[in-house]
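Q: All letters in the sequence shown, in the order written, are residues 55 to 135 by this note's numbering.
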Amino acid sequence: MATTSNSPRKVIAVALQVGMDALPMYQHRYAPHKFTQSQLFACLVLMVFEGWDYRTTEQHLRDLPELRIWIGLKGQEKVSG
């Protein structure tokens, strides 16, 4: 039976686990290794879950340190390209 959640923290935790199980750690061995594929996947899942666009997602990740902590993002690095 599938379960749903209204908690962004739970959604992020599940997205990170799914990403770690299904995706390689990095897209390519010569990739910059700033973010893992599972972290990027969790950001996209959070974006869809909250109904945000890319800019709004980036702004929330910049403004809310707890989101960065939950996803495992370090520092104030730029999140989008």
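No residue lacks a Cβ here, since even glycine has one placed at the ideal position from N, Cα and C.
1. Between which two residues does the alpha helix (DSSP H) harbouring Lys-64 extend?
2. What did DSSP end up calling His-114 once you bin it into helix, strand or coil?
3. Note down, in chain order, each residue of its chain lying with its Cβ closer than 7 Å to the Cβ of Phe-103, except the 5 sequence neighbours on either side.
4. Assuming the contact rule is C-beta atoms closer than 8 Å, Leu-115 and Gln-93 should be a hit. Round their C-beta distance to whole Å, please.
5. Name the residue from Met-74, Gln-91, Asp-75 and Ala-76 whose alpha carbon lies nearest to the alpha carbon of His-82.
6. Exposed or buried, which one is Ala-85 when buried takes at least 16 other CB atoms within 10 Å?
7. Relative to the C-alpha of Asp-75, which residue among Ala-96, Thr-58, Ser-59 and His-87 is closest?
A: Based on what the coordinates show:
1. Counting from one through the sequence shown, the residue named residue 64 turns up at place 10. Lys-64 -> alpha helix (DSSP H) spans 62 to 76.
2. To locate residue 114, count along the sequence shown from 1; it is residue 60. Of the three classes helix, strand and coil, the one that applies to His-114 here is helix, per DSSP.
3. Counting from one through the sequence shown, the residue named residue 103 turns up at place 49. Taken in chain order, the residues that qualify are Pro-62 and Val-65.
4. Counted from its first residue, the sequence shown places residue 115 at position 61. Counted from its first residue, the sequence shown places residue 93 at position 39. No, Leu-115 and Gln-93 are not in contact; Cβ-Cβ is about 11 Å, not under 8 Å.
5. Mapped onto the sequence shown, residue 82 falls at position 28. It is Gln-91 whose Cα lies nearest to the Cα of His-82.
6. For the purposes of this step, residue 85 is identified with residue 31 of the sequence shown, where counting begins at 1. So Ala-85 counts as exposed.
7. Looking up residue 75 in the sequence shown gives position 21. Of the candidates Ala-96, Thr-58, Ser-59 and His-87, the one whose C-alpha sits nearest the C-alpha of Asp-75 is Ala-96.
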